[in-house]
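Under this note's numbering, the first residue of the sequence shown carries the number 54, and numbering increases by one thereafter.
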Amino acid sequence: MTERLTPEQLPRAAALLRAGGLVAFPTETVYGLGADAGHAAAVARIYAAKGRPRFNPLISHFAEAGAAFAEVVADERARLLAERFWPGPLTLVLPRAKASRIDLLTGAGLSSLAVRVPAHPLARALLREAGIPLAAPSANRSGSVSPTTAAHVLEGLDGRIDAVLDGGACPVGLESTVLDLTGPMPLLLRPGGVPEEALAALLGPVGRPGAVTEGEGGLKAPGMMSSHYAPGLPLRLDATAVGPQEALLAFGPPLPGAGAIWQLSAGRDPVEAAARLFAGLRWLDEEGRRLGLSGIAAMPVPPQGLGAAINDRLARAAAPRPAA
Ligand code: AMP
Ligand code: MG
């Protein structure tokens, strides 16, 4: 059952979020589907509720610029933009801080993070009351249009999320502008509520993804696979046997004989597996190299539910990639 909460019930919404629940809330752009951005299982539930076929990176929302900049490496451009446009419909993509508490799944395993301070008074009040950053993509089923009312949210997600905080219709109805500041040239990844001209007035020329091609640290357009995390050790899919020279990504009872094992989900729960996927790939890569292993073998994951997104990510991590 999805609870429909009034603004007066904001403490209830915040408590659900702190407990790892999913709560849709209004922002000035569209309704977001919020979860604790530092809580892997909660973020995995976002993907499950939306029925996303792959793990695209989510925007983390904060009550204050200071809280956002604690999670990323912010430069002068970022601080200038934040001063001018936050709170507001501008998302900044910046290098992830080493000490960031944002879960790897929130950033879909990338080394960058997308951060924003929304202007909607109810969103800000919720962020303050919850006291945690909220990962929040639009609160619709994957492939549907972004919702601008609580009724739209319920049309797609009733019964799939814990609550919707009803703050009426969203004023902008456009998504946030997404600007990549990880390279020397600012790149407009998605046009939105803050016009490009306003950004250019502050920053000078703004580029487009695709104009430049670089490896990690270069560009991060949605769906640009080369920018996604892949382990250094080769990854072998659908393993039915494993040797001592290999590290194993297990799903259910592990195949015997591996040199190292990361269990995605002993009980074969795809949501738990999603929550442990990116941390597992990194750990197996590090541990495997430390032990001098030759590669990582991944056990098959059935393609139901989040299994499809897990397989999509594994296939990309296993694909041959251009030399850096
Ligand atoms: P939505 O959650 O539906 O508002 O969409 C989030 C947008 O931000 C998508 O276009 C994402 O690709 C983009 N985004 C989020 N995080 C990153 C990141 N680390 N690098 C590049 N793009 C990002
Ligand atoms: Mg969306």
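The C-beta atom is built at its ideal place from N, Cα and C for all residues, glycine as well.
Item, Value
"Per-residue burial, Lys-103 [other beta carbons within 10 Å of its own, 16 or more giving buried]", "buried"
"4 or more residues per run - each alpha helix (DSSP H) lying fully within the region 98-138", "118-122 and 129-138"
"Cβ-based burial, Asp-128 [other Cβ within 10 Å; buried from 16]", "exposed"
"For Glu-210, three-class secondary structure by DSSP", "The question names Glu, but residue 210 in the sequence shown is Leu. Three-state result, Leu-210: helix."
"Candidates Leu-234, Leu-346 and Ala-328, of which the one nearest Leu-301 by Cα", "Leu-346"
"Candidates Glu-325, Asp-219, Gln-298 and Val-324, of which the one nearest Ile-380 by Cα", "Absent from the model: residue 380. The displayed extent of the chain is 54 to 377, so no value can be given."
"Simplified DSSP state of Gln-62, which is helix, strand or coil", "helix"
"The region 197-217 contacting the region 175-189, beta-carbon criterion three pairs below 8 angstroms", "no"
"Leu-58 classed as buried or exposed, judged by whether at least 16 other C-beta atoms fall within 10 angstroms", "buried"
"Between the CA atoms of Leu-234 and Val-265 - distance to the nearest angstrom", "Summary for Val-265: the model assigns pLDDT 47, below 50, so the residue's position carries little reliability; its value from the coordinates is reported in the next sentence. Each residue's Cα considered, the two are about 13 angstroms apart."
"Beta-carbon spacing of Val-217, Ala-203 below 7 angstroms", "yes"
"Cβ-based burial, Arg-343 [other Cβ within 10 Å; buried from 16]", "exposed"
"Element boundaries [beta strand (DSSP E), containing Gly-348]", "348-351"
"Where the alpha helix (DSSP H) containing Gly-360 begins and where it ends", "360-371"
"Residues near Ser-279 in its chain [Cβ-Cβ closer than 6 angstroms; skip 5 each side]", "For Ser-279, the predicted model reports a pLDDT of 40, less than 50, meaning its position is unreliable and no value from the coordinates is stated."
"The region 283-297 in contact with the region 332-343 per 3-pair CB rule at 8 angstroms", "yes"
"Phe-108 versus Met-54: straight-line alpha-carbon distance, rounded", "26 angstroms"
"Whether Met-238 touches Gly-257 by CB criterion (7 angstroms)", "no"
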